[in-house]
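Under full-length UniProt numbering, the first residue of the sequence shown is numbered 1, with each subsequent residue one higher.
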Amino acid sequence: MEKKRRNSLLLAGAGLSALVALRAFTKRKREFSFTDRTVLITGGSRGLGLVLARMFAEQGAKIAICSRTQHQLDTAREELQAGGATVLAFNCDVTDRAQVRAMISEIKEKLGPIEVLINNAGIIAAGPLEEMRVEDFRAAMDIHYFASLYTMLEVIPEMKARGEGRIVNIASVGGKVSVPHLVPYSGSKFALVGMSEGFRSELLKDGIYVTTINPGLMRTGSARNAFVKGQNQKEYTAFALMDANPMISLAANVAAQKIMDACRYGKAEATLGLNAKFISTLHGLFPGTTADLMGYVNMFLPGPGGIGSKAVRGYESETELTQSVLNAPNQKAAQENNEM
1 MEKKRRNSLL
11 LAGAGLSALV
21 ALRAFTKRKR
31 EFSFTDRTVL
41 ITGGSRGLGL
51 VLARMFAEQG
61 AKIAICSRTQ
71 HQLDTAREEL
81 QAGGATVLAF
91 NCDVTDRAQV
101 RAMISEIKEK
111 LGPIEVLINN
121 AGIIAAGPLE
131 EMRVEDFRAA
141 MDIHYFASLY
151 TMLEVIPEMK
161 ARGEGRIVNI
171 ASVGGKVSVP
181 HLVPYSGSKF
191 ALVGMSEGFR
201 SELLKDGIYV
211 TTINPGLMRT
221 GSARNAFVKG
231 QNQKEYTAFA
241 LMDANPMISL
251 AANVAAQKIM
261 DACRYGKAEA
271 TLGLNAKFIS
281 TLHGLFPGTT
291 ADLMGYVNMF
301 LPGPGGIGSK
311 AVRGYESETE
321 LTQSVLNAPN
331 QKAAQENNEM
């Protein structure tokens with residue numbers, strides 16, 4: 001009996017060792033150098049996108065960024081060029097497929113074919129469901145789902161021809177667990193997660209690794225540019241102070257490094273932040289319980305009223321609390337990451 005038990009343990013140990021060795025081999029095989037690669041980052045003029053652009057530039061990549069805000073594009077381009085990066089900056093509405101095609105054509109002409117695509121452009125509107133309109137849902141789907149689809153469809157043919165490529169779709173933990181007061185955002189991120197996972201399974205055979213990133217809260221400084229509806233000051237205060245809390249949010253550079261690593265090794269998915277990992281795991285095991293838990297959370301959030309369905313920016317909704325030391329990490333990140 002003892003001998004049988006010992007043999008079982010030896011077999012289990014051998015199996016575990018083989019699995020570890022296989023994972024290490026696969027990781028080395030998939031490792032992707034960013035040196036002299038052409039990288040397109042949508043929404044790359046500020047926040048997480050700009051932090052990623054800096055990191056790719058440090059790795060020797062040629063950078064293309066796009067945004068709809070010209071002054072932020074100019075500032076980002078000047079900063080990256082001052083650091084020695086080769087960079088192109090485009091004023092492009094990525095929800096317009098014709099504009100996406102024109103931009104990618106120019107990138108190929110000036111920098112070469114896109115070898116790494118980071119779909120980072122996004123929009124967020126916080127408020128109770130009563131103040132959301134169909135237009136809010138359409139806008140979220142356009143930027144998170146269709147814009148990502150348009151860029152992928154443009155770069156995939158040449159990636160297939162080369163037999164390699166990297167695509168990173170920045171989704172959200174809100175695309176794994178629906179978050180109250182962010183229903184249009186969460187719905188569109190769920191759609192992006194599904195599309196991203198499907199593209200990965202279909203493109204693995206072509207040497208193209210599609211990675212889905214599901215971040216929780218991050219201190220990028222972007223909260224001040226989020227849209228808020230209803231009781232806008234209360235909405236923004238709650239959002240900003242959670243974002244600023246280092247106990248529950250991830251520093252932008254830490255998040256960006258994890259995204260870089262996931263891209264480099266062609267990981268299928270990366271969920272960023274302990275809180276995000278916990279809630280997404282809980283939801284996977286007990287989806288009904290998690291949905292009910294979010295219902296209880298909703299009871300403590302601001303109700304409808306205030307400015308109603310009108311949307312204003314976070315920086316238009318400042319309060320004493322958001323201008324206090326409690327929000328200092330966000331204010332610092334906003335200055336550092338071109339969110340002002």
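Where is the CB? At the ideal position from N, CA and C, for every residue including glycine. As the structure is a computational prediction, the values presented were derived from the model and not from experiment.
Taking one beta carbon from each stretch, the segment 197–208 and the segment 216–223 have fewer than 3 pairs nearer than 8 Å; the two do not touch. Taken in chain order, the complete beta strand (DSSP E) segments of 3 or more residues contained in the segment 47–93 are 62–67 and 87–91.
Of all C-beta pairs linking the segment 136–151 to the segment 95–105, three or more are shorter than 8 Å, placing the two stretches in contact. When the Cα atoms are used, S33 and L241 turn out to be separated by approximately 37 Å.
Taking the CA atoms as reference points, R313 sits about 43 Å from G163. Within its own chain, the residues whose Cβ lies closer than 6 Å to the Cβ of T86, once the five positions on either side in sequence are excluded, are K62, listed in chain order.
Excluding the 5 residues flanking it on each side, I259 has same chain C-beta neighbours closer than 6 Å at I213, in chain order. Beta-bridge partners of R166 (DSSP): V116 and Y209.
Approximately 7 Å separates the beta-carbon atoms of G175 and S186; this is inside 8 Å, confirming the contact. Bounds of the beta strand (DSSP E) holding A270 are E269 to L272.
Taken in chain order, the complete beta strand (DSSP E) segments of 3 or more residues contained in the segment 105–150 are 116–119. Taking a C-beta distance under 8 Å as the contact criterion, P180 and G230 do not qualify as a contact pair. One thing to note: V173 has its Cβ within 8 Å of the Cβ of A276. Within the DSSP bridge table, the entry for R313 names F227 as partners. Put simply, of C66, R54, H71 and S67 the residue whose alpha carbon is nearest the alpha carbon of A82 is R54.
Nearest Cα to L129 within the set V100, G288, A251 and M299: M299. L321 and N245 have their C-alpha atoms some 13 Å from each other. Taking the CA atoms as reference points, T220 sits about 9 Å from N338.
If you draw a straight line from the Cα of L250 to the Cα of G273, it is about 6 Å long. For T237, same chain residues with a beta-carbon under 6 Å away, outside a window of 5 residues either side, are T319, L321 and T322 in chain order. A direct Cα-Cα distance of roughly 43 Å separates A291 from L80. Between the beta-carbon of D136 and that of A125 there is about 5 Å, and that keeps the pair under the 8 Å contact cut. In this structure V39 is buried. Its beta-carbon is surrounded by 16 or more other beta-carbon atoms within 10 angstroms. Ranked by how close their Cα comes to the Cα of Y265, the residues Q233, A139 and R166 have R166 in first place. Take the alpha-carbon of P113 and the one of K234: they are about 46 Å apart. Per the C-alpha coordinates, the member of E158, M340 and E106 positioned closest to C66 is E106. In this structure S45 is buried. Its beta-carbon is surrounded by 16 or more other beta-carbon atoms within 10 angstroms. Contact check for A256 and V51: beta-carbon distance about 4 Å, within the 8 Å limit, so the pair qualifies.
Exposure of R133 is indicated by the presence of fewer than 16 other C-beta atoms within 10 angstroms of its C-beta. DSSP lists I63 and V116 as the beta-bridge partner residues of V39. Residue environment: P157 is assigned as exposed (fewer than 16 neighbouring CB atoms within 10 Å of its CB, all protein chains considered).
Taking C-beta atoms under 8 Å as the contact rule, Y150 and V100 qualify, at a distance of about 5 Å. The C-beta distance from L73 to A89 rounds to 5 Å, short enough to fall under 8 Å. Annotation for T75: S45 and N338 place their beta carbon closer than 8 Å to its own, counting only its chain and skipping 5 residues before and after. Take D142, set aside five residues on each side of it, and the residues of its chain with a beta-carbon closer than 8 Å to its own are T95, in chain order.
The C-beta distance from A171 to S196 rounds to 7 Å, short enough to meet the 8 Å contact threshold.
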